[in-house]
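Colleague:
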Amino acid sequence: MVKTFQIYGMGNALVDFEIETSVEQLESLGIAKGVMTLIDDDLQDKLYEKLGKNAHARACGGSAANTIIGAQSLGSRCFYSCKVAEDETGHFYKQDLLACGVESNLSYQALQPGKTGKCLVMITDDADRTMNTFLGITGDIDYSQIDESALLNSEYLYIEGYLAGSPIALKGAVECMAFARKNHVKTAFSLSDPNIVNFCGDGLAEIIGEGVNLLFCNVDEAKAYSKQDNLQDAIVVLDKLAETLVITLGSEGSLIINSNEQVKIEGVQVKAVDTNGAGDLFAGAFLHALANGATLKNAGELASFASAQLVTQFGPRLSVDNLAVVTKFMKEKS
(Lines of atoms letter the chains of each structure in order from A and count residues from 1; the text may use other names and numbers.)
(Lines give C-alpha, C1' and ligand atoms only; values in the text may rest on other atoms or scores of the structure.)
Protein backbone atom coordinates (compact mmCIF):
# COMPACT_ATOMS: atom_id res chain seq x y z
CA MET A 1 0.00 0.00 0.00
CA VAL A 2 1.33 3.43 -0.95
CA LYS A 3 1.57 5.62 2.14
CA THR A 4 0.54 9.27 2.19
CA PHE A 5 4.00 10.45 3.21
CA GLN A 6 7.40 9.04 2.42
CA ILE A 7 9.28 10.94 5.15
CA TYR A 8 7.97 12.36 8.43
CA GLY A 9 10.36 14.67 10.26
CA MET A 10 10.50 15.89 13.85
CA GLY A 11 12.96 18.59 14.82
CA ASN A 12 13.73 22.13 15.79
CA ALA A 13 12.13 25.09 14.04
CA LEU A 14 14.75 27.82 13.73
CA VAL A 15 14.85 30.83 11.44
CA ASP A 16 18.38 30.84 10.01
CA PHE A 17 20.36 34.02 9.48
CA GLU A 18 23.44 33.23 7.37
CA ILE A 19 26.34 35.61 7.91
CA GLU A 20 29.71 35.78 6.15
CA THR A 21 32.52 36.36 8.63
CA SER A 22 36.16 35.49 9.31
CA VAL A 23 38.01 33.11 11.61
CA GLU A 24 39.64 36.13 13.25
CA GLN A 25 36.26 37.69 13.98
CA LEU A 26 34.96 34.47 15.53
CA GLU A 27 38.07 34.31 17.73
CA SER A 28 37.70 37.94 18.79
CA LEU A 29 34.10 37.26 19.85
CA GLY A 30 35.01 34.04 21.68
CA ILE A 31 32.87 31.88 19.38
CA ALA A 32 33.79 28.17 19.08
CA LYS A 33 34.31 27.50 15.36
CA GLY A 34 32.68 24.69 13.41
CA VAL A 35 30.12 23.57 15.99
CA MET A 36 26.69 24.50 17.31
CA THR A 37 26.56 26.42 20.59
CA LEU A 38 23.35 27.23 22.46
CA ILE A 39 23.09 30.87 23.58
CA ASP A 40 20.38 33.16 24.99
CA ASP A 41 18.49 35.69 22.91
CA ASP A 42 20.25 38.71 24.42
CA LEU A 43 23.68 37.43 23.37
CA GLN A 44 22.34 36.45 19.97
CA ASP A 45 20.98 39.97 19.44
CA LYS A 46 24.35 41.47 20.39
CA LEU A 47 26.20 39.16 18.00
CA TYR A 48 23.82 40.02 15.19
CA GLU A 49 24.42 43.72 15.79
CA LYS A 50 28.14 43.12 15.28
CA LEU A 51 27.92 40.66 12.40
CA GLY A 52 24.56 41.23 10.73
CA LYS A 53 25.73 43.67 8.07
CA ASN A 54 27.04 40.64 6.15
CA ALA A 55 23.83 38.63 6.50
CA HIS A 56 22.06 36.82 3.67
CA ALA A 57 18.28 36.40 3.45
CA ARG A 58 16.68 34.55 6.35
CA ALA A 59 15.02 31.16 5.83
CA CYS A 60 13.11 28.59 7.84
CA GLY A 61 15.56 26.02 9.07
CA GLY A 62 16.62 23.63 11.74
CA SER A 63 18.56 20.50 10.80
CA ALA A 64 15.64 18.11 10.27
CA ALA A 65 13.66 20.87 8.54
CA ASN A 66 16.49 21.25 6.02
CA THR A 67 16.45 17.49 5.49
CA ILE A 68 12.70 17.37 4.95
CA ILE A 69 12.65 20.43 2.67
CA GLY A 70 15.51 18.90 0.68
CA ALA A 71 13.68 15.61 0.22
CA GLN A 72 10.47 17.45 -0.72
CA SER A 73 12.33 19.50 -3.34
CA LEU A 74 13.54 16.26 -4.95
CA GLY A 75 9.99 14.92 -5.17
CA SER A 76 9.28 13.15 -1.88
CA ARG A 77 6.00 13.60 -0.01
CA CYS A 78 6.95 14.98 3.40
CA PHE A 79 5.47 16.09 6.74
CA TYR A 80 7.30 18.09 9.40
CA SER A 81 6.39 18.45 13.08
CA CYS A 82 7.85 21.44 14.88
CA LYS A 83 6.99 24.35 17.19
CA VAL A 84 7.12 28.10 16.62
CA ALA A 85 5.70 31.02 18.59
CA GLU A 86 2.94 33.53 17.90
CA ASP A 87 5.36 36.23 16.75
CA GLU A 88 6.53 37.70 13.45
CA THR A 89 9.40 35.22 13.21
CA GLY A 90 7.04 32.31 13.85
CA HIS A 91 4.61 33.41 11.15
CA PHE A 92 7.52 33.82 8.74
CA TYR A 93 8.70 30.29 9.55
CA LYS A 94 5.24 28.79 9.01
CA GLN A 95 4.74 30.54 5.68
CA ASP A 96 8.23 29.67 4.43
CA LEU A 97 7.89 25.98 5.38
CA LEU A 98 4.47 25.55 3.80
CA ALA A 99 5.63 27.41 0.67
CA CYS A 100 8.18 24.60 0.20
CA GLY A 101 5.29 22.14 -0.18
CA VAL A 102 5.91 20.40 3.15
CA GLU A 103 2.81 19.53 5.18
CA SER A 104 3.04 20.37 8.88
CA ASN A 105 1.23 20.56 12.20
CA LEU A 106 1.78 24.33 11.91
CA SER A 107 -0.99 24.47 9.29
CA TYR A 108 -3.68 23.57 11.84
CA GLN A 109 -2.26 23.96 15.37
CA ALA A 110 -2.52 27.39 17.02
CA LEU A 111 0.82 29.12 17.57
CA GLN A 112 1.70 29.61 21.24
CA PRO A 113 2.97 32.70 23.12
CA GLY A 114 6.75 32.94 23.36
CA LYS A 115 9.74 33.54 21.09
CA THR A 116 10.51 31.59 17.95
CA GLY A 117 13.99 30.08 17.81
CA LYS A 118 16.69 31.65 15.67
CA CYS A 119 20.12 30.52 14.53
CA LEU A 120 23.07 32.65 13.49
CA VAL A 121 24.92 30.59 10.89
CA MET A 122 28.39 32.08 10.47
CA ILE A 123 30.27 31.12 7.31
CA THR A 124 34.05 31.58 7.20
CA ASP A 125 36.36 31.70 4.17
CA ASP A 126 37.09 27.97 4.47
CA ALA A 127 33.34 27.29 3.87
CA ASP A 128 32.95 25.99 7.43
CA ARG A 129 29.74 26.79 9.29
CA THR A 130 29.55 27.86 12.94
CA MET A 131 26.16 28.10 14.62
CA ASN A 132 25.01 30.09 17.64
CA THR A 133 21.44 29.09 18.42
CA PHE A 134 18.69 30.51 20.61
CA LEU A 135 16.13 27.71 20.86
CA GLY A 136 13.21 29.75 22.13
CA ILE A 137 9.92 27.88 22.01
CA THR A 138 11.31 25.06 19.86
CA GLY A 139 13.05 23.81 23.00
CA ASP A 140 9.56 22.93 24.25
CA ILE A 141 8.55 20.75 21.31
CA ASP A 142 6.85 17.65 22.68
CA TYR A 143 4.62 14.78 21.62
CA SER A 144 1.59 17.08 21.28
CA GLN A 145 3.17 18.42 18.08
CA ILE A 146 3.12 14.92 16.56
CA ASP A 147 0.37 14.09 14.08
CA GLU A 148 -0.14 10.37 14.73
CA SER A 149 -2.29 9.87 11.65
CA ALA A 150 0.37 11.39 9.40
CA LEU A 151 3.13 9.39 11.09
CA LEU A 152 1.16 6.15 10.76
CA ASN A 153 0.90 6.89 7.05
CA SER A 154 4.63 7.51 6.56
CA GLU A 155 7.39 5.17 5.38
CA TYR A 156 10.17 6.80 7.41
CA LEU A 157 10.44 8.85 10.59
CA TYR A 158 13.49 11.14 10.68
CA ILE A 159 14.59 12.85 13.91
CA GLU A 160 17.56 15.16 14.49
CA GLY A 161 19.96 14.67 17.39
CA TYR A 162 19.73 18.34 18.34
CA LEU A 163 16.49 17.52 20.19
CA ALA A 164 18.63 15.90 22.90
CA GLY A 165 19.66 19.44 23.90
CA SER A 166 16.31 20.08 25.62
CA PRO A 167 14.73 17.78 28.26
CA ILE A 168 11.21 18.43 26.93
CA ALA A 169 12.19 17.90 23.30
CA LEU A 170 14.17 14.79 24.26
CA LYS A 171 11.11 13.24 25.90
CA GLY A 172 9.02 14.05 22.83
CA ALA A 173 11.59 12.48 20.51
CA VAL A 174 11.75 9.29 22.58
CA GLU A 175 7.95 9.01 22.56
CA CYS A 176 7.81 9.65 18.81
CA MET A 177 10.40 6.94 18.14
CA ALA A 178 8.45 4.50 20.31
CA PHE A 179 5.22 5.19 18.41
CA ALA A 180 6.96 4.69 15.06
CA ARG A 181 8.52 1.38 16.12
CA LYS A 182 5.23 0.11 17.52
CA ASN A 183 3.53 0.86 14.22
CA HIS A 184 6.28 -0.45 11.93
CA VAL A 185 7.37 2.93 10.57
CA LYS A 186 11.07 2.82 9.65
CA THR A 187 13.23 5.04 11.85
CA ALA A 188 16.12 7.30 10.86
CA PHE A 189 18.23 9.43 13.18
CA SER A 190 21.15 11.87 12.92
CA LEU A 191 23.79 12.52 15.59
CA SER A 192 23.75 16.12 14.27
CA ASP A 193 26.81 17.81 15.80
CA PRO A 194 29.97 16.98 17.81
CA ASN A 195 28.92 19.33 20.62
CA ILE A 196 25.56 17.59 20.94
CA VAL A 197 27.36 14.24 21.09
CA ASN A 198 29.81 15.49 23.72
CA PHE A 199 27.28 17.21 25.96
CA CYS A 200 24.07 15.26 25.32
CA GLY A 201 25.32 11.74 24.58
CA ASP A 202 23.01 10.09 27.10
CA GLY A 203 20.04 11.79 25.49
CA LEU A 204 21.09 10.60 22.05
CA ALA A 205 21.35 7.06 23.39
CA GLU A 206 17.86 7.37 24.84
CA ILE A 207 16.42 8.40 21.47
CA ILE A 208 18.27 5.60 19.65
CA GLY A 209 16.97 3.18 22.26
CA GLU A 210 16.91 -0.39 21.00
CA GLY A 211 18.25 0.75 17.64
CA VAL A 212 17.16 2.52 14.47
CA ASN A 213 16.85 1.46 10.86
CA LEU A 214 19.14 4.21 9.62
CA LEU A 215 21.78 6.26 11.48
CA PHE A 216 23.54 9.29 9.97
CA CYS A 217 26.71 10.91 11.31
CA ASN A 218 30.00 12.41 10.21
CA VAL A 219 33.46 11.22 11.23
CA ASP A 220 33.82 13.56 14.22
CA GLU A 221 30.39 12.60 15.55
CA ALA A 222 31.10 8.90 15.01
CA LYS A 223 34.34 9.04 16.98
CA ALA A 224 32.85 11.18 19.74
CA TYR A 225 29.75 9.02 20.25
CA SER A 226 31.68 5.74 20.18
CA LYS A 227 34.54 7.20 22.27
CA GLN A 228 37.01 5.78 19.74
CA ASP A 229 39.96 7.53 18.09
CA ASN A 230 39.93 5.29 15.03
CA LEU A 231 37.04 5.36 12.55
CA GLN A 232 37.02 1.59 12.00
CA ASP A 233 36.75 1.07 15.77
CA ALA A 234 33.92 3.61 15.85
CA ILE A 235 32.11 1.71 13.12
CA VAL A 236 32.21 -1.48 15.21
CA VAL A 237 30.41 0.36 18.02
CA LEU A 238 27.89 2.28 15.89
CA ASP A 239 27.04 -0.63 13.61
CA LYS A 240 25.26 -2.28 16.54
CA LEU A 241 22.86 0.67 16.83
CA ALA A 242 21.41 0.63 13.31
CA GLU A 243 20.46 -1.70 10.48
CA THR A 244 22.26 0.71 8.17
CA LEU A 245 24.97 3.16 9.22
CA VAL A 246 25.84 6.12 7.00
CA ILE A 247 29.02 8.10 7.76
CA THR A 248 29.80 11.20 5.74
CA LEU A 249 33.47 11.90 5.04
CA GLY A 250 33.29 15.48 3.79
CA SER A 251 34.88 15.92 0.37
CA GLU A 252 35.98 12.26 0.45
CA GLY A 253 32.41 10.97 0.14
CA SER A 254 30.70 8.58 2.53
CA LEU A 255 30.59 5.06 3.91
CA ILE A 256 27.41 2.97 4.03
CA ILE A 257 27.52 -0.07 6.28
CA ASN A 258 24.99 -2.81 7.03
CA SER A 259 25.10 -6.54 7.70
CA ASN A 260 25.26 -7.38 4.00
CA GLU A 261 27.73 -4.88 2.59
CA GLN A 262 30.02 -1.91 3.10
CA VAL A 263 29.80 0.63 0.29
CA LYS A 264 32.25 3.48 -0.26
CA ILE A 265 30.75 6.43 -2.11
CA GLU A 266 33.32 8.72 -3.68
CA GLY A 267 33.08 12.44 -3.09
CA VAL A 268 32.15 14.90 -5.83
CA GLN A 269 34.91 17.48 -6.17
CA VAL A 270 33.62 21.06 -6.20
CA LYS A 271 34.74 24.46 -4.89
CA ALA A 272 32.91 24.85 -1.59
CA VAL A 273 31.81 28.27 -0.34
CA ASP A 274 29.31 27.25 2.36
CA THR A 275 28.88 23.84 4.01
CA ASN A 276 25.80 24.86 6.01
CA GLY A 277 23.07 22.27 5.48
CA ALA A 278 25.23 19.87 3.48
CA GLY A 279 24.78 17.01 5.93
CA ASP A 280 21.07 17.77 6.20
CA LEU A 281 20.57 17.62 2.43
CA PHE A 282 22.71 14.48 2.26
CA ALA A 283 20.24 12.78 4.62
CA GLY A 284 17.26 14.19 2.71
CA ALA A 285 18.52 13.00 -0.67
CA PHE A 286 19.48 9.60 0.77
CA LEU A 287 16.03 9.10 2.32
CA HIS A 288 14.33 10.33 -0.85
CA ALA A 289 16.23 7.76 -2.89
CA LEU A 290 15.52 4.88 -0.50
CA ALA A 291 11.84 5.78 -0.28
CA ASN A 292 11.70 5.59 -4.06
CA GLY A 293 13.27 2.14 -4.27
CA ALA A 294 16.95 2.94 -4.83
CA THR A 295 19.80 0.69 -3.75
CA LEU A 296 22.09 1.88 -0.95
CA LYS A 297 24.79 2.63 -3.53
CA ASN A 298 22.48 4.72 -5.69
CA ALA A 299 21.08 6.50 -2.63
CA GLY A 300 24.61 7.34 -1.53
CA GLU A 301 25.57 8.61 -4.98
CA LEU A 302 22.55 10.91 -5.15
CA ALA A 303 23.15 12.18 -1.61
CA SER A 304 26.81 12.86 -2.36
CA PHE A 305 26.02 14.66 -5.62
CA ALA A 306 23.21 16.78 -4.15
CA SER A 307 25.20 17.87 -1.10
CA ALA A 308 28.19 18.70 -3.32
CA GLN A 309 26.02 21.01 -5.41
CA LEU A 310 24.71 22.68 -2.25
CA VAL A 311 28.13 23.68 -0.92
CA THR A 312 28.89 25.64 -4.10
CA GLN A 313 26.29 28.25 -3.08
CA PHE A 314 25.19 30.15 0.02
CA GLY A 315 22.17 28.88 1.94
CA PRO A 316 20.85 25.47 3.09
CA ARG A 317 18.53 24.90 0.11
CA LEU A 318 19.43 24.14 -3.48
CA SER A 319 19.12 27.14 -5.78
CA VAL A 320 16.84 26.79 -8.81
CA ASP A 321 19.84 26.15 -11.05
CA ASN A 322 21.47 23.62 -8.72
CA LEU A 323 18.16 21.83 -8.15
CA ALA A 324 17.86 21.47 -11.93
CA VAL A 325 21.37 19.96 -12.04
CA VAL A 326 20.48 17.45 -9.30
CA THR A 327 17.16 16.59 -10.95
CA LYS A 328 18.98 15.90 -14.23
CA PHE A 329 21.43 13.64 -12.33
CA MET A 330 18.50 11.70 -10.83
CA LYS A 331 16.88 11.17 -14.22
CA GLU A 332 20.13 9.95 -15.75
CA LYS A 333 20.59 7.44 -12.90
CA SER A 334 17.02 6.13 -12.92
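Residue numbers for the sequence shown follow this note's numbering, so the first one is 185 and each next one is one higher.
We put the CB at the ideal spot given by N, CA and C, even for glycine.
In this text the structure is predicted, and so the values were computed from the model without any measurement.
Is it buried or exposed, Met220, if we count other Cβ atoms within 10 angstroms and call 16 or more buried?
Modeller: Within the sequence shown, the letter at position 36 stands for residue 220. That one is buried.
Colleague: Are the region 324-340 and the region 212-229 touching, with three or more C-beta to C-beta distances below 8 Å?
Modeller: Verdict: no, contact absent.
Colleague: With distances taken between CB atoms, is the gap from Asp331 to Gly218 smaller than 7 Å?
Modeller: Reading the sequence shown from its first residue, position 147 is the one you call residue 331. Reading the sequence shown from its first residue, position 34 is the one you call residue 218. Contact flag unset, no.
Colleague: Check the DSSP bridge columns for Gln446 and list the partner residues they point to.
Modeller: In the sequence shown, counting from the first residue as 1, residue 446 sits at position 262. According to DSSP, Gln446 bridges with Ile441.
Colleague: To test your reading of the DSSP string, which unbroken beta strand (DSSP E) runs of 3 or more residues are found completely within the region 321-405?
Modeller: The qualifying runs are 338-344, 370-374 and 396-402.
Colleague: DSSP three-state label for Leu227, please.
Modeller: As a position in the sequence shown, residue 227 is number 43, starting the count at 1. Correct three-state label for Leu227: helix.
Colleague: Under the rule that 16 or more other beta-carbon atoms within 10 Å means buried, what is Thr479, buried or exposed?
Modeller: Your numbering for residue 479 matches position 295 in the sequence shown. It is exposed - the Cβ of Thr479 has fewer than 16 other Cβ atoms within 10 Å.
Colleague: Is the beta carbon of Leu281 sitting closer than 7 Å to the one on Ser291?
Modeller: Against the sequence shown, residue 281 aligns to sequence position 97. Against the sequence shown, residue 291 aligns to sequence position 107. Against a cut-off of 7 Å, the Cβ pair of Ser291 and Leu281 comes out as no contact.
Colleague: Out of Gly461, Asn476 and Asn196, which has the shortest C-alpha to C-alpha gap to Gln497?
Modeller: Position 313 of the sequence shown, counted from the start, is the residue given in the question as residue 497. Considering only alpha carbons, the answer is Gly461.
Colleague: I believe Leu422 touches Ala406 by the beta-carbon criterion, under 8 Å. Please report the beta-carbon distance rounded to the nearest angstrom.
Modeller: On the sequence shown, residue 422 is found 238 positions in, with the first residue counted as 1. On the sequence shown, residue 406 is found 222 positions in, with the first residue counted as 1. Confirmed, about 6 Å.
Colleague: Please identify the residue among Thr371, Phe470 and Ile215 whose C-alpha is closest to the C-alpha of Asn316.
Modeller: Translated into positions along the sequence shown, residue 316 becomes position 132. Taking only the C-alpha atoms, the option nearest Asn316 is Ile215.
Colleague: On the three-state DSSP scale, how would you describe Val430?
Modeller: For the purposes of this step, residue 430 is taken as residue 246 along the sequence shown, with counting starting at 1. Strand, per DSSP.
Colleague: Mind the definition here: the region 481-491 touches the region 431-451 only if three or more C-beta pairs lie below 8 Å; say whether that holds.
Modeller: Short answer: they touch.
Colleague: Tell me, which residues are paired with Lys517 by DSSP?
Modeller: One-based indexing of the sequence shown puts residue 517 at position 333. Per DSSP, none; premise fails for Lys517.
Colleague: How about Gly285 and Gly301: are their beta carbons less than 7 Å apart?
Modeller: Position 101 of the sequence shown holds residue 285. Position 117 of the sequence shown holds residue 301. No, the Cβ-Cβ distance between Gly285 and Gly301 is not below 7 Å.
Colleague: Give me the Cβ distance between Gly451 and Gly437, rounded to the nearest whole Å; I'm assuming they're in contact under 8 Å.
Modeller: Residue 451 sits at position 267 when you count from the first residue of the sequence shown. Residue 437 sits at position 253 when you count from the first residue of the sequence shown. Right, the Cβ-Cβ distance comes to about 4 Å (below 8 Å), so this counts as a contact.
Colleague: Leaving out five residues on either side along the sequence, give the residues of the same chain with a beta carbon under 8 Å from the beta carbon of Ile391.
Modeller: Residue mapping note: residue 391 aligns to position 207 of the sequence shown, counting from 1. Ile343, Gly345, Leu347, Ala348, Leu354, Ala357, Val358, Met361 and Phe373, listed in sequence order.
Colleague: Might you give, ordered along the chain, the residues of its own chain that have their beta carbon closer than 6 Å to the beta carbon of Ala418, omitting 5 neighbours on each side?
Modeller: Taking the first residue of the sequence shown as 1, we reach residue 418 at position 234. Closer than 6 Å at the Cβ level, and outside the excluded window around Ala418, lie Ala406, Lys407, Ser410 and Gln412.
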